[in-house]
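Below: the structure, in structure tokens.
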Amino acid sequence: MPIDRMTPADFGDVAKLIEAHNTNPLTQCLHSGEHADEIEALFHKQGALHYQLLREEGKLVGVLGCEVEEHRGYLHGPFVAGASFTQTAHALWHALQATLPLLERWDSFLNVRNEQGAAFYLEHGFRRGQGAQIYGMPAAALQPLDGMPAQRFTPDWTESVRFLHELAFADSPLEIEPFMESQDEDRALFIFAQGSRCIGYVAASLNDSPLEGSIDLLAVDASVRNQGYGRRLLLTAAHWLIQERGMPRVGLTVRDMRADARRLYQRSGFALLYTGVGYSREHTLPRRQL
Ligand SMILES: CC(C)(COP(=O)(O)OP(=O)(O)OC[C@H]1O[C@@H](n2cnc3c(N)ncnc32)[C@H](O)[C@@H]1OP(=O)(O)O)[C@@H](O)C(=O)NCCC(=O)NCCS
């Protein structure tokens, strides 16, 4: 099969193919963008994207992409239209592996109803991980902040925030460090403190595709839960994203097991958009290859 690496001349066609697949839950790959114009803009901006394409008689019929970050590959697809899914997806996967450096881990995140995608990843040695829900809130649904907003993080709080993060997200690879190391127009960290102790934090950032603000991390110390800190942190971040940074909507992902958080989001103006499942495959690399 004649498989080629994506070039700028392909951006428009690829973005349209992804948009068509991502509007259908049966073929949706979450986190690979929703709208063709946003996806195309991201292709122009981002250097670490590796996409393989299959064309038949000039028509694009298959796409598999990967975003590489710190020895990890985040897969987009496979997206196949008008060709055999199994054959095309396999061919794209082999081509992708041949062009990428050795990675420690591959991850994919599919709509829970995307069964052909799930079968593809399981067949290639991926393990099914936890389910997760994606919530969204349009700017118009932003609720008022009843009470004092959270304060902006400053480096004096580093140890205390790190301590709380390790307790709240012990089982998760989500990192707080990038938010503490640099805050700019695209990224912010807010906290609540009691004395010298951080009792809650929320991390937020701006996304290009989909174009939205994102709530990346939220945690409240177990000793002060159910007193309204979680809601005020969430709304402080949502106000920053929508009112200060002009985002048209705010999105977030929450894992299946976090029922407390899901109730909080629903009460605070967020609606469930999609349910997804992660698939991952790990490799142990010799140290010198890292
Ligand atoms: C999710 C989390 C941030 C919520 O924080 P929180 O400070 O307890 O949130 P709130 O106090 O605003 O809301 C929690 C509940 O307390 C209730 N509450 C708030 N103020 C109250 C008050 N003064 N008196 C009585 N109840 C109150 C709310 O109604 C809410 O109840 P409900 O969710 O059953 O409707 C917290 O549980 C947490 O850190 N969990 C672990 C990390 C996590 O799951 N993070 C989210 C990952 S995506």
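Numbering (our numbering), first residue to last: 32 to 321.
Beta carbons: idealized from backbone N, C-alpha and C, even for Gly.
**Message:** Going by beta-carbon coordinates alone, are residue 82 and residue 92 separated by less than 9 Å?
**Reply:** In this structure, residue 82 keeps its C-beta atom at 9 Å or more from the C-beta atom of residue 92.
**Prompt:** DSSP beta-bridge partners for residue 302?
**Reply:** 167
**Message:** Suppose contacts are defined by Cβ-Cβ distances below 9 Å. Is residue 183 in contact with residue 211 by that definition?
**Reply:** No; because the gap between Cβ atoms is not below 9 Å, this pair is not in contact.
**Prompt:** Does the Cβ of residue 243 have 16 or more other Cβ atoms within 10 Å, making it buried, or fewer, making it exposed?
**Reply:** buried
**Prompt:** Hey, would you say the C-beta of residue 255 is under 8 Å away from at least one heavy atom of ligand 1?
**Reply:** yes
**Message:** Comparing C-alpha positions only, which one of 247, 185 and 129 sits nearest to residue 237?
**Reply:** 247
**Asked** Quick one: is residue 340 buried, meaning 16 or more other Cβ sit within 10 Å of its Cβ, or exposed?
**Response** Only positions 32 to 321 of the chain appear in this structure, which leaves residue 340 out of reach.
**Message:** Runs of 4 residues minimum, wholly inside the stretch 114 to 145: which ones carry the alpha helix (DSSP H) assignment?
**Reply:** DSSP runs (the alpha helix (DSSP H)) wholly in the stretch 114 to 145: 116 to 130.
**Prompt:** Looking at residue 272 and ligand 1, is the gap between the Cβ and the nearest heavy atom below 8 Å?
**Reply:** no
**Item:** Identity of the residues DSSP links to residue 82 by a beta bridge
**Value:** 96
**Item:** Burial state of residue 57, where buried means 16 or more other Cβ atoms lie within 10 Å
**Value:** exposed
**Helix, strand or coil at residue 46 according to DSSP, with G and I counted as helix** = helix
**Prompt:** What residues are listed by DSSP as bridge partners for residue 238?
**Reply:** Residue 238 pairs with 243.
**Item:** C-alpha gap between residue 47 and residue 217, whole angstroms
**Value:** Looking at the two C-alpha atoms, the distance is approximately 27 Å.
**Prompt:** Does DSSP put residue 275 in a helix, a strand or coil?
**Reply:** helix
**Message:** Check whether the stretch 172 to 192 and the stretch 258 to 266 touch, using three or more Cβ-Cβ pairs below 8 Å as the test.
**Reply:** The stretch 172 to 192, when compared against the stretch 258 to 266, does touch it at the 8 Å Cβ threshold.
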